[in-house]
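First residue of the sequence shown? That's 783 in this note's numbering, and the numbers climb one at a time after it.
From the three backbone atoms N, C-alpha and C, an ideal C-beta is built for every residue, glycine too.
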Amino acid sequence: MQKNQEKPVLCWLPPLYFAQGLPAVLIAEVSIILFKEFGMIDSAVAFWSNFLGLIPLLLIKIFCAPIVDSFSRRRNWIFVGQLALACLFLLSGFACKFTEPLPWLILFFFLASLVSGVHDIAADGFYILALDDHRQAVYSGLRSVFNRVAAVVGSGGFIIFAGWLAESGGCQISTAWGVTLAGAAVSLFLLALWSGIFMPHPASDLPKQFSFSGFGKDFSTVFVSFFQKKYVWTALLFLLLYRLGEAQLSVMSRLFLLSGDGLALSKVQYGSMVGVYGVAMMLAGGVIAGFLCGKFGLGKMLLPMVLAINVPDLLYVLLAFWQGAVPTALTGVCVAVEQFGYGFGFAGYMLFMVWFASTSKDEHKTSHFALMTVFMIAGLRLPGMPSGWIAEHITQWVPCGWSKYQLFFLWVIVCTLPGFWVTWLVGRIVDRTYGRKTQRS
């Protein structure tokens, strides 16, 4: 009987979370390469890629969850959302052939980010309604795996494909990216059809009654109760500053790998390093960190985690100073090590969020965790938005003859220092045994 119950889950859950991850990586990661290829300057690339990953999602996650819950079934939201995303990426593919494609690409990616946020809310809500508590726990790892698979396909496969079309297939850049985005649209269209056929119809997947007064009251209660929590300001400092260095490195490291004044990798090389091996190493880092937290507890792992997420940033300093003298294979190793460290260090960040939410009252735990994800996104995207502008002007501020990438990556190292400070603050308040498997459990 159990086998018959599990088979339908394996039919719809992996495609659902692949469809959740693919638009996110296209909007936040692939857009970096796409915008750069169409002539956008580095400061604008850093701003828009972070903007598209921040503002629409914040608007959706803060204000639209009650609307998704109240109008139609979550299953319908998912199906329509995937179709809408397919249409928007298809339009983006057509826009690549326009005389001035960038404004249109930004518009379509912005709309896709809005729709993706709605789809995320519906997908997570459907997961809770379609599965009981036990199977939610059993399949939680599968959700993350297929989000990562989408990251490999998006930041690896699609970029490699676009590079192959342009470099080996003889296509113009506009054609290569148009075909690539059309391929993403077809993938999402097929996923929508799959969802429409194979997703179950939970009896509990019914719209709730919505009222603006009730929404305002619930939102204010959640917001006020969160800011009344003990140590809330320490928690917010941690959420906003733990990744301050990594947040600024994120976009600029990608541009450094691709730019002519950087390492000038091909898109095929970049897609393999960052999108395939990098994502795999990031996933491995997260898995290993989770295992060690289960063995030793969060408290003992905070120092290794903050070291892991920050110290590998030094590798980009070395790559910038030894530019031209580093073999491509060694560059790939550096990228893999940095991504492993990010995955390892980010696991501690997420476990802290879970711990802090667990200290809330039962009726507020889920809402408080959702509110923390807003600060989590802000902590990554807000510092990233001006990173390109800083890189473009840093040689004027420090006229020592070094290149912008050399100075910028040194600036990133300076920006890692607040991460160590807030980790020390958190170490004083966190339950040091949290996450450790005890004899009773």
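In this structure, does DSSP put residue i in helix, strand or coil?
{"i": "Met1158", "result": "helix"}
{"i": "Pro805", "result": "helix"}
{"i": "Gly781", "result": "Past the edges of the chain, shown from 783 to 1223, lies residue 781, and the structure says nothing about it."}
{"i": "Trp830", "result": "helix"}
{"i": "Gly931", "result": "First, the residue type needs correcting, since residue 931 is Val and not Gly in the sequence shown. In the structure shown, Val931 sits in a helix (DSSP, three-state: H, G or I)."}
{"i": "Leu1016", "result": "Inspection of the sequence shows that residue 1016 is occupied by Thr rather than by Leu. Helix at Thr1016."}
{"i": "Met822", "result": "coil"}
{"i": "Gly1183", "result": "coil"}
{"i": "Gln1010", "result": "coil"}
{"i": "Arg917", "result": "helix"}
{"i": "Ala1107", "result": "coil"}
By the 10 Å Cβ neighbour count, where 16 or more other Cβ atoms means buried, how is residue i classified, buried or exposed?
{"i": "Ile1309", "result": "Shown here, the chain extends from 783 to 1223; a query on residue 1309 therefore has no answer."}
{"i": "His983", "result": "exposed"}
{"i": "Lys1077", "result": "exposed"}
{"i": "Asp1043", "result": "exposed"}
{"i": "Gly1166", "result": "buried"}
{"i": "Leu1100", "result": "exposed"}
{"i": "Gln787", "result": "Annotation note: pLDDT 42 at Gln787 (below 50); position unreliable, no value reported."}
{"i": "Leu1109", "result": "Position check: residue 1109 holds Pro in this sequence, whereas Leu was assumed. Exposed."}
{"i": "Leu1021", "result": "buried"}
{"i": "Gln1010", "result": "exposed"}
{"i": "Asp914", "result": "exposed"}
{"i": "Thr1003", "result": "exposed"}
{"i": "Leu1199", "result": "exposed"}
{"i": "Val1264", "result": "Outside the shown range of the chain, which is 783 to 1223, sits residue 1264, and nothing can be said about it."}
With a threshold of 8 Å on Cβ separation, who are the neighbours of residue i within its own chain once the five nearest residues in sequence on each side are excluded?
{"i": "Val850", "result": "Arg856, Trp859, Val900, Ile903, Ala904, Gly907"}
{"i": "Gly821", "result": "Leu884"}
{"i": "Phe980", "result": "Pro790, Cys793, Trp794, Pro797"}
{"i": "Leu1096", "result": "Ile1195"}
{"i": "Leu757", "result": "The requested residue 757 is not part of the displayed model; the chain covers only 783 to 1223."}
{"i": "Gly1161", "result": "Leu1021, Leu1022, Leu1023, Tyr1024, Arg1025, Leu1026, Ala1029"}
Suppose the cutoff is 6 Å on Cβ atoms and the five residues either side in sequence are ignored; what does the same chain contact list for residue i look like?
{"i": "Gly1127", "result": "Met1087, Ala1090, Ile1091"}
{"i": "Trp976", "result": "Pro797"}
Along the chain, where does the alpha helix (DSSP H) that runs through residue i open and close?
{"i": "Lys1049", "result": "1049-1052"}
{"i": "Val1194", "result": "1186-1197"}
{"i": "Lys1082", "result": "1080-1092"}
{"i": "Gln1178", "result": "1169-1179"}
{"i": "Cys1116", "result": "1110-1140"}
{"i": "Leu988", "result": "Premise fails: Leu988 is in no alpha helix (DSSP H) and is neither H nor E."}
{"i": "Lys818", "result": "813-819"}
{"i": "Ala905", "result": "883-912"}
{"i": "Gly945", "result": "941-949"}
{"i": "Val961", "result": "955-980"}
{"i": "Ile1211", "result": "Ile1211 -> no alpha helix (DSSP H), and no H or E assigned at all."}
{"i": "Cys869", "result": "856-877"}
{"i": "Ala1102", "result": "1096-1103"}
Please work out which residues of its chain come closer than 7 Å, Cβ to Cβ, to residue i, disregarding the five sequence neighbours upstream and downstream, and give them in chain order.
{"i": "Leu1084", "result": "Gly1130, Thr1205, Val1208, Gly1209"}
{"i": "Ala806", "result": "Ser898"}
{"i": "Phe880", "result": "Trp886"}
{"i": "Ala1118", "result": "Tyr1059, Gly1060, Met1063"}
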